[in-house]
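*Asks:* According to full-length UniProt numbering, the sequence shown is numbered sequentially starting from 1.
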Amino acid sequence: MKDGPKHRSLLTGREREIFNLLIEDQTTKEIASQLGISEKTVRNHISNTIQKLGVSGRAQAIIELLRLEELHLR
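#1: Do residue 65 and residue 71 have their C-beta atoms closer together than 7 angstroms?
#2: Determine the DSSP secondary structure at residue 72, reduced to helix, strand or coil.
#3: Give every residue of the same chain whose Cβ lies closer than 8 angstroms to the Cβ of residue 22, excluding the five residues on either side of it in the sequence, and list them in chain order.
#4: Pop quiz: residue 15 and residue 28 are said to be a contact at Cβ under 8 angstroms. What is the actual Cβ separation, rounded to whole angstroms?
#5: If we require 4 or more residues per run, which alpha helix (DSSP H) segments fall completely within the UniProt domain "HTH luxR-type" (4 to 69)?
#6: When the Cα atoms are used, what is the spatial distance from residue 3 to residue 56?
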């Protein structure tokens, strides 16, 4: 595995944490509890990422982030 991205990441650290948990099939509620933040904050991070990518939903965002090598399946 690579040491890190060679380019500037599209994601903030928190967005990356949230999307890594999403691809592990965790719910918004589970993510909020695990990270100690509100469900609304989790949804805001997801929404911001969807907007950055110009896609229409979480599933498309995950596919695009995998394609861009911003996320990796374990």
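Built from N, CA and C at the ideal position, the CB exists for glycine as well.
Only a predicted model underlies this, so the values are computations on that prediction, with no experimental measurement involved.
*Replies:* Let me lay it out:
#1: Locating residue 65 in the sequence shown gives position 65, counting from the first residue. Locating residue 71 in the sequence shown gives position 71, counting from the first residue. Going by C-beta atoms, residue 65 is nearer than 7 angstroms to residue 71.
#2: The residue you call residue 72 lines up with position 72 of the sequence shown. Of the three classes helix, strand and coil, the one that applies to residue 72 here is coil, per DSSP.
#3: As a working mapping, residue 22 is identified with position 22 in the sequence shown. Only 31, 46, 58 and 62 meet the Cβ criterion.
#4: Indexing the sequence shown from 1 puts residue 15 at position 15. Indexing the sequence shown from 1 puts residue 28 at position 28. Contact between residue 15 and residue 28 is absent: CB atoms are separated by about 14 angstroms, not below the 8 angstroms threshold.
#5: Complete alpha helix (DSSP H) runs here, min 4: 13 to 22, 28 to 35, 39 to 53 and 58 to 67.
#6: The residue labelled residue 3 in the question sits at position 3 within the sequence shown. The residue labelled residue 56 in the question sits at position 56 within the sequence shown. The pLDDT assigned to residue 3 is 48, lower than 50, so where the model puts this residue is not dependable, and the model offers no usable value.
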